[in-house]
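Residue numbers (our numbering), protein chains in the order written: chain A, 1 to 189; chain B, 190 to 378. Note sheet for the following structure.
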């Protein structure tokens, strides 16, 4: 088990091609537990999860997902499991949702809802699983998984094991020097 | 050093009251490195960071931040450092930003931009630092830190050490049973 946030972030990469090997129940529960324990604005925990293992549904979901400039069919992207993260309308636009302040609650909701995805992929990496977070066609994905009433699925997480030889290296990252400012935007050390 | 994602998520809580003790440079760099290594949609890495240590500016920033139903003055919230996460307009609304598909790029940008915040607080927790992620008044915060041209700061991260006796317990989380569906929304195991 790799440990430490920096080693995990360095070894992790998005996997698009998976082996057929299934994810064990205890690993799956640990990944879901990492999602459940995530922080959120106002501690609203504005998420629910759908665990999908049906091959036919996984194929349909991936046809609605985005792969940057690529298409689903450019990969043999068949993970054995997908976790869809559900954002219910009540959290972004309702009486009990994020209060309207200087911006619509939908932004706070989106800031909150990707934190469980981040924690899932770290918990998965720690256990030797391969993952990717995919952005999806929101209306089509919601329809496939039985959502209604304005509830949405902003993103899905694929889980499995990398097909041998198909674990990509980490994509390049910008240097800290190019990203870091001191005291104010543009400020130098 | 606590290790493992689940123990880190369980020990972490949002700290609003800080000791005067400063954050060491190597810890600060590790926290920023965790942010830098974060994944993002299309690997755009749509973030820049401003490291603020000036007490006067920290006070002003916290006056523009939101604490759920509380106000800044309800706490002695004076962390020795704040990292503001900058989202430049070009990433959410420009030629090089997230492509327009079924939804505006601003949502993909917000999903991406909180992942470095999540990784920062995990790397900080691992090093015994106290943190909180705060939602802010976007226009006022941008003005304070010298942003222009539609660039925004959606959230800030406070860093320091908890004032003795002021590290709160983790806030309650919903049960996994109440959050988890199988195969489709509402689906039972």
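Cβ atoms here follow ideal geometry from the backbone N, Cα and C, with glycine treated the same way.
Practice task
Taking the CB atoms as reference points, tell me whether residue 243 of chain B and residue 108 of chain A lie closer together than 8 Å.
Solution key: no
Handout entry: Test: residue 213 of chain B CB closer than 8 Å to a CB of chain A
Key = no
Exercise for the section: Mind checking which residues open and close the beta strand (DSSP E) that includes residue 46 of chain A? Expected result: Segment: none, residue 46 of chain A is in no beta strand (DSSP E) and carries neither H nor E.
Handout entry: Under 8 Å by beta carbon: chain A residues contacting residue 276 of chain B
Key = Neighbours of residue 276 of chain B on chain A: none; closest Cβ ~10 Å, over 8 Å.
Handout entry: Bounding residues of the beta strand (DSSP E) (the contiguous stretch that carries residue 212 of chain B)
Key = No beta strand (DSSP E) contains residue 212 of chain B, which DSSP labels as neither H nor E.
Exercise for the section: Check the Cβ-Cβ distances between residue 57 of chain A and every residue of chain B, and say whether any is below 8 Å. Expected result: yes
Problem - Spatial distance of residue 153 of chain A from residue 251 of chain B (CA atoms) - result: 32 Å
Handout entry: N- and C-terminal bounds of the beta strand (DSSP E) containing residue 343 of chain B
Key = 341–349
Handout entry: Where residue 19 of chain A sits in the DSSP three-state scheme
Key = coil
Practice task
Give the range of the alpha helix (DSSP H) segment to which residue 244 of chain B is assigned.
Solution key: 244–252
Handout entry: residue 371 of chain B: first and last residue of the uninterrupted beta strand (DSSP E) it sits in
Key = Bounds of the beta strand (DSSP E) holding residue 371 of chain B are 369–371.
Handout entry: is_contact[residue 374 of chain B, chain A] using C-beta, thresh 8 Å
Key = yes
Handout entry: CA-to-CA distance, residue 85 of chain A to residue 452 of chain B, given in whole angstroms
Key = The structure shown does not extend to residue 452 of chain B, since chain B spans only 190 to 378, so no value can be given for it.
Exercise for the section: Can you tell me which of A/129, A/68, A/117, A/76 puts its alpha carbon nearest to the alpha carbon of residue 26 of chain A? Expected result: A/129
Problem - CB of residue 270 of chain B within 8 Å of CB of residue 212 of chain B, strictly - result: yes
Problem - Nonlocal neighbours in the same chain, by C-beta distance under 8 Å from residue 59 of chain A, ignoring five residues either side - result: 78
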